[in-house]
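One structure is given below, encoded as structure tokens.
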Amino acid sequence: DTEVTQTPKHLVMGMTNKKSLKCEQHMGHRAMYWYKQKAKKPPELMFVYSYEKLSINESVPSRFSPECPNSSLLNLHLHALQPEDSALYLCASSQTQGAQETQYFGPGTRLLVL
Amino acid sequence: AQSVTQLDSQVPVFEEAPVELRCNYSSSVSVYLFWYVQYPNQGLQLLLKYLSGSTLVESINGFEAEFNKSQTSFHLRKPSVHISDTAEYFCAVSSNFGNEKLTFGTGTRLTIIP
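If you read the protein sequences in the order shown, they are chains A and B.
Per the working numbering, the first sequence starts with residue 87, numbered consecutively.
Per the working numbering, the second sequence starts with residue 65, numbered consecutively.
Below you can see the structure in the form of structure tokens.
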């Protein structure tokens, strides 16, 4: 099983809302990632968790708050977002945080901020 | 720092014709190379990867890519394309130096013409 699941598939939120994106994998992977993908662009790395600890934060605004409650789950908490934050948010996981590791991606959550 | 260049943003090809999607990378150290495919409204899937050893790598659906160190290239080829190959293709590079991030190219949109 090489599946990464993400919920919800679509999300519409106002700029004052608080919402969360969820990601789950049961492959025993110890590295998990959040990417942001704008239309017709490549994914941009936001955060990396390695063994449930935040390893990389790519200078993401504080209105995005990641959380890794256990080795299978990854959340992205959203608060006071801007319309320019509308994008496809992709979660990925890999065996470990190594350069040669294959990252397995979920289908994404398409976020629209009004 | 590493970077990836995909010069062709769009490639239209007739069904059953051959195709080559170009990828060049820039890095001062040894790299690992990946091709990911993104079908409409989906996440990314690994197509194939080069880590070491044989410079020619193949995928299960007929794609192949050849690592050429002297030309710093990792072009993707398929001898005969099918309608189902319509997708966005991303070349990506990582290395053991730095923070082992996956750096994506800007993507090539492959459109198969019936």
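Even for Gly, the Cβ is constructed at its ideal location relative to N, Cα and C.
Here the structure is a predicted model, which means the values were calculated and not measured.
query	result
Is any beta-carbon of chain B found at less than 9 Å from that of F191 (chain A)?	yes
Could you tell me whether any Cβ in chain B is nearer than 9 Å to the Cβ of K108 (chain A)?	no
Can you give me, in chain order, the residues of the stretch 147 to 163 of chain B that have a beta carbon less than 7 Å from any beta carbon in chain A?	F154, S158, S159, N160 and N163
Does the beta carbon of R141 (chain B) sit closer than 9 Å to a beta carbon anywhere in chain A?	no
May I have a chain-ordered list of the beta strand (DSSP E) segments no shorter than 3 residues that lie completely inside the stretch 106 to 183 of chain A?	117 to 123, 130 to 136, 139 to 143, 150 to 156, 159 to 165 and 173 to 180
Are the beta-carbon atoms belonging to Y100 (chain B) and T150 (chain B) less than 9 Å from one another?	no
For R116 (chain A), which of A:T102, A:L97, A:S179 and A:V199 has the nearest alpha-carbon?	A:S179
S144 (chain B): buried (16+ other C-beta within 10 angstroms of its C-beta) or exposed?	exposed
Taking all protein chains shown into account, do 16 or more other C-beta atoms lie within 10 angstroms of the C-beta of P139 (chain A), making it buried, or fewer, making it exposed?	Note on identity: in this sequence residue 139 (chain A) is Lys, with Pro being the wrong assignment. Label assigned to K139 (chain A): exposed.
From the beta carbon of N105 (chain B), is the nearest beta carbon of chain A less than 9 Å away?	yes
Does DSSP put I176 (chain B) in a helix, a strand or coil?	strand
Is it the case that the Cβ atoms of E170 (chain A) and V146 (chain A) are separated by a distance below 9 Å?	no
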